[in-house]
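Just below is one structure, and these are the notes that go with it.
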Amino acid sequence: MHPGVPGFSFIIADKQKLKACAGKARSLSLDLYDQWKTMDKDGKWRFTSPTHVVLAFEQAMRELKEEGGIPARSRRYAENGKLLRREMEKLGFKAYIPEEMQGPIITTFFYPENCKYTFAQMYAYIKSQGYAIYPGKVTEAETFRIGNIGEIYEEDIVDLIGIIREFLEARAA
């Protein structure tokens, strides 16, 4: 921990590249070289310290450690994604990316064929139940995305699936 900076641990930087950027910053507040020189000299921030950011980072690192580190967090994300994919497929949603290529962060789904609703309707219903999914798409195909990461656990995926099931059942009647 750097003295005078509570909760701030370290920054990995190539010192030669850092030195080479001296005087080249286009922003006074984002001048990494001058920030580094100031911290190196007296352990303080050049301007008002970003206490909220530093404390949030410290809390995030504490929670990561309590969870078991990156391997445990990665496992949770992957398990979330597999559960989400499996349960969405049961509801008739096909994943955009083949399972063997799917990463653990976001899962993209096609709209079911001949669906009797719009994404906006589904999004609004999910949001009214206290959950949110990505409101936009990143493909030309008719798709939507659901995040598998963050403060999301198995019970959250199960709850979301229940909400989507209720939405679909209300439109099938």
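Take the sequence shown: its letter number 46 is residue 676 in my numbering, and every next letter is one higher. Cβ atoms here follow ideal geometry from the backbone N, Cα and C, with glycine treated the same way.
Using a beta-carbon distance below 9 angstroms, is residue i in contact with chain D?
| i | result |
| --- | --- |
| Y707 | Any reference to chain D falls outside this structure, which holds one protein chain only. |
Within 10 angstroms of the Cβ of residue i, are there 16 or more other Cβ atoms? Answer buried if so, exposed if not.
| i | result |
| --- | --- |
| L882 | Because the chain here runs from 631 to 803, residue 882 falls outside it and cannot be looked at. |
| T737 | buried |
| M691 | exposed |
| A650 | exposed |
| M731 | exposed |
| R715 | buried |
| M752 | buried |
For residue i and residue j, I'd like the C-alpha separation in whole angstroms.
| i | j | result |
| --- | --- | --- |
| L694 | E772 | 35 angstroms |
| I782 | I700 | 15 angstroms |
| G722 | P728 | 16 angstroms |
| E688 | H682 | 10 angstroms |
| M718 | K724 | 7 angstroms |
| I793 | Q759 | 7 angstroms |
| N710 | R656 | 41 angstroms |
| R775 | P680 | 33 angstroms |
| K645 | D672 | 18 angstroms |
| K767 | V788 | 23 angstroms |
| H632 | T668 | Bear in mind that the predicted position of H632 carries a pLDDT of just 43, short of 50, making it too unreliable to give a figure here. |
| W666 | L685 | 19 angstroms |
Excluding the 5 residues flanking residue i on each side, which residues of the same chain have their C-beta closer than 7 angstroms to its C-beta?
| i | result |
| --- | --- |
| F677 | S659 |
| Y747 | R801 |
Which residues in the same chain as residue i place their Cβ atom closer than 8 angstroms to its Cβ, once the five residues preceding and following it in sequence are excluded?
| i | result |
| --- | --- |
| G653 | Y663 |
| F739 | M718, F723, K724, A725, Y726, T773, F774, R775, I776 |
| P734 | S704, Y707, A708, N710, G711, N778, I779 |
How do the region 743-752 and the region 703-711 stand: do at least 3 beta-carbon pairs fall below 8 angstroms, yes or no?
no
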